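Enquirer: Just so you know, the sequences run in chain order A and B.
In terms of our numbering, the first sequence opens at residue 1 and continues consecutively.
In terms of our numbering, the second sequence opens at residue 1001 and continues consecutively.
I'd like to ask some things about the structure below.
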Amino acid sequence: MDKKIVATTSLAGCFGCHMSVLDIDERILDLIELVEFNKSPIDDIKTFTKHCDIGIVEGGCATSENVHVLKEFRKNCSTLIALGECAIMGGLPALRNNIPITECLEEAYLNGLTTKDNNPDRILPNDEEIPMMLDRVYPIRELVKVDFFLPGCPPTADLIWNALTALILGKEMDLPYEVIRYD
Amino acid sequence: MAKIVTFSIDGQKCMAEEGQYLVDAAETNGVYIPTLCNMTGVPPQGSCRVCSVKINGKLTTACTTKVSEGMEVINESEEIQDLRKAIIELLFAEGNHFCPSCEQSGNCELQALAYRFQVLVPRFPYLFPERDIEASNPKLFKDHNRSILCKRCIRAITDERGRRLFAFGKRGDRIGISIDTKLAANISDELADRAAEVCPVGAIIRKGRGFAVPIGQRRYDGQPIGADVEQAK
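What follows is the structure, given as structure tokens:
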């Protein structure tokens, strides 16, 4: 059997979901027999070098760069998985969804306890190299079609393992009670 | 003694006292019918519809229906399970349910139902409604982002003189739970505990407690909601 090609990324996430991928422990040796990683922070490949079978996306979309990467993933991956609460519903970054973006930036860079005395010129980040923040944090399925959703913060290692093996081996996914968690 | 009636749930023969509500009657027969707005000892209101069943072919709520002789109840069909799942998903999409940062996570009935029904993602888009929080009360913290408007706090919580602590304020999509601030300022610790306890989600939280039970030991970490009813069979 040819190895399936997997790409992963973290958008507006904390890398906790990627840590949970590593939390499959010694099964990672079995996984590496089944898959080859392409663009991913795990192997530090920065751009897609071939079409991938499975794209795993952690985090929602909070910036213009997140949207760009997400669209690249959709274009280059046959199957797209939303991994974790942030990818599914925005997660904790989406707590800002009802606060105007100006207020968020002012709190972070002008009025916050650690910044108010250290930003005498009252500068908000404005370099064109810095991605623009979006008006709110978007669950990824609001921007691209997503094929599968794995909830959790982070998703349990068993949920990730069960989903990946089911997808790779073309069998039905095992979903015991303990693997679905939202926290 | 009350008259005993016989009825069936999914073809299984059951017996109960006449006049018992169907959810309670099912429980005594070891059958779990999921509920959310319902509470033992408080008159039912049938607002959340999670306990929907088919009785003699008609869809209705099991918490407000009393058992009667020869009643034929369908509890487990694919149609009903999907209807219940859709209701749970609607509640998640309609509010701001940030489980990872919620004190009630692991003890939350809404979350537990979603686990039981294997909700991986709601089929509806998230609304991210604008909701307020109220932290002025000395003992209770109200986070309206998490409220599912089940009215359990309104119905179950009164002070020693029978005065209600909670009420609905506003109407339509702006409706919310409001606290009688004067009454609530002087409530006992026991009543404050009880108020937080009747809330199925984390909308009413006891102050100064936070994440009291470690992950792994919380109410729904080990077994699904309703498993106790099914195991008692």
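No residue lacks a Cβ here, since even glycine has one placed at the ideal position from N, Cα and C.
Computed from a prediction, not measured in an experiment: that's the story for all the values here.
State the start and end residues of the unbroken alpha helix (DSSP H) segment that holds serine 1188 of chain B.
Expert: For serine 1188 of chain B, there is no enclosing alpha helix (DSSP H), since its DSSP letter is neither H nor E.
Enquirer: Can you name, in chain order, every residue of its own chain whose Cβ lies under 6 angstroms from the Cβ of arginine 1219 of chain B, other than the five neighbours on each side?
Expert: Asn1107
Enquirer: Beta carbon of valine 1073 of chain B, beta carbon of leucine 1022 of chain B: below 8 angstroms?
Expert: The answer is yes: Cβ separation under 8 angstroms.
Enquirer: Please give me, in chain order, every unbroken run of the alpha helix (DSSP H) with length at least 4 that falls completely inside the stretch 18 to 52 of chain A.
Expert: 27 to 34
Enquirer: Taking DSSP as the reference, what is the three-state secondary structure of arginine 1152 of chain B?
Expert: helix
Enquirer: When you compare the stretch 140 to 159 of chain A with the stretch 34 to 50 of chain A, are there three or more beta-carbon pairs, one atom per stretch, that lie closer than 8 angstroms?
Expert: No, the stretch 140 to 159 of chain A is not in contact with the stretch 34 to 50 of chain A.
Enquirer: Which whole-angstrom value is the C-beta distance of phenylalanine 1124 of chain B and leucine 1083 of chain B, which I expect to be below 8 angstroms?
Expert: No, phenylalanine 1124 of chain B and leucine 1083 of chain B are not in contact; Cβ-Cβ is about 14 angstroms, not under 8 angstroms.
Enquirer: Any idea if leucine 83 of chain A is buried or exposed, counting beta-carbon neighbours within 10 angstroms, 16 or more meaning buried?
Expert: buried
Enquirer: From the beta carbon of glycine 91 of chain A, is the nearest beta carbon of chain B less than 8 angstroms away?
Expert: Output row for glycine 91 of chain A: interface = yes.
Enquirer: Phenylalanine 149 of chain A touches chain B at which residues, Cβ-Cβ below 9 angstroms?
Expert: Leu1120, Val1121
Enquirer: Any chance the CB of isoleucine 1087 of chain B is under 7 angstroms from a heavy atom of the ligand GDP?
Expert: In the structure shown, the ligand GDP is absent, as is every other ligand, since no ligand is present at all.
Enquirer: Which of the three DSSP states, helix, strand or coil, is assigned to serine 1147 of chain B?
Expert: coil
Enquirer: Whose C-alpha, out of B:Ser1178, B:Asp1180, B:Ser1188, B:Arg1116, is nearest the C-alpha of threonine 1032 of chain B?
Expert: Correcting the residue identity first, residue 1032 of chain B is tyrosine in this sequence and not threonine. Answer by Cα proximity: B:Arg1116.
Enquirer: Kindly indicate which three-state DSSP category lysine 71 of chain A falls into: helix, strand or coil?
Expert: helix
Enquirer: Quick check for students: name the residue ranges of the alpha helix (DSSP H) that lie wholly in the stretch 122 to 160 of chain A, counting only runs of 4 or more.
Expert: none
Enquirer: Which residues in the same chain have their Cβ closer than 6 angstroms to the Cβ of valine 1042 of chain B, if we skip the five residues on either side of it in sequence?
Expert: Sequence-distant Cβ neighbours of valine 1042 of chain B in its own chain, meaning closer than 6 angstroms and more than five residues away, are Arg1155, Ala1156.
Enquirer: I'd like to know if proline 1224 of chain B contacts chain A, where contact means its C-beta is closer than 8 angstroms to some C-beta of that chain.
Expert: Chain A contact via Cβ: present.
Enquirer: On the three-state DSSP scale, how would you describe methionine 1015 of chain B?
Expert: strand
Enquirer: What residues from the stretch 1085 to 1099 of chain B come within 7 angstroms of chain A, judged by C-beta to C-beta, listed N to C?
Expert: Phe1098, Cys1099
Enquirer: Anything in chain B within Cβ reach of aspartate 174 of chain A, meaning under 8 angstroms, just list it in chain order.
Expert: The contacting residues do not exist; aspartate 174 of chain A stays about 12 angstroms from chain B at best.
Enquirer: If you drop the 5 nearest sequence neighbours on each side, which residues of the same chain put their C-beta closer than 6 angstroms to that of leucine 1165 of chain B?
Expert: Ile1157, Asp1180, Leu1183, Ala1184
Enquirer: Below 9 angstroms between beta carbons is the criterion; list the residues of the stretch 1111 to 1143 of chain B that meet it against any residue of chain A, in chain order.
Expert: So the list reads Gln1111, Ala1114, Tyr1115, Arg1116, Gln1118, Val1119, Leu1120, Val1121, Pro1122, Pro1125, Tyr1126, Phe1128, Pro1129, Glu1130, Arg1131, given in the order they occur along the chain.
Enquirer: Can you check whether the C-beta of asparagine 98 of chain A is within less than 8 angstroms of a C-beta belonging to chain B?
Expert: Among the CB atoms of chain B, one or more fall inside 8 angstroms of the CB of asparagine 98 of chain A.
Enquirer: Taking the alpha carbon of proline 1214 of chain B as the reference point, which residue from B:Cys1199, B:Ser1105, B:Cys1099, B:Met1039 has its own alpha carbon closest?
Expert: B:Ser1105
Enquirer: Does the beta carbon of glycine 1106 of chain B come closer than 8 angstroms to any beta carbon on chain A?
Expert: Yes - at least one Cβ of chain A is within 8 angstroms of the one on glycine 1106 of chain B.
Enquirer: Could you check whether the Cβ of isoleucine 81 of chain A sits closer than 8 angstroms to any Cβ belonging to chain B?
Expert: Judged by the 8 angstroms Cβ criterion, isoleucine 81 of chain A is not in contact with chain B.
Enquirer: Taking only beta carbons into account, state which residues of the stretch 151 to 183 of chain A come closer than 7 angstroms to chain B, listed in chain order.
Expert: Pro151, Cys153, Leu175, Tyr177, Ile180, Tyr182, Asp183
Enquirer: In this structure, does DSSP put lysine 1085 of chain B in helix, strand or coil?
Expert: helix
Enquirer: State whether the stretch 1193 to 1212 of chain B contacts the stretch 1147 to 1154 of chain B, with contact taken as three or more CB pairs (one from each stretch) at a distance under 8 angstroms.
Expert: yes
Enquirer: What would DSSP say about tyrosine 177 of chain A, mapped onto helix, strand or coil?
Expert: helix
Enquirer: Please give the ranges of any alpha helix (DSSP H) in the stretch 80 to 116 of chain A, keeping only runs that are unbroken, at least 4 residues long and fully inside the region.
Expert: 85 to 89, 101 to 106
Enquirer: From B:Asn1186, B:Ile1133, B:Ala1025, B:Ile1225, pick the residue whose C-alpha is nearest to that of proline 1200 of chain B; which is it?
Expert: Checked all of B:Asn1186, B:Ile1133, B:Ala1025, B:Ile1225; the closest Cα to proline 1200 of chain B is B:Ile1225.
Enquirer: Out of A:Glu36, A:Ile32, A:Ile42, state which residue places its alpha-carbon closest to the alpha-carbon of phenylalanine 15 of chain A.
Expert: A:Ile42
Enquirer: Between glutamate 103 of chain A and chain B, is any beta-carbon pair separated by less than 8 angstroms?
Expert: no
Enquirer: Can you name the start and end residues of the beta strand (DSSP E) that alanine 7 of chain A belongs to?
Expert: 4 to 10
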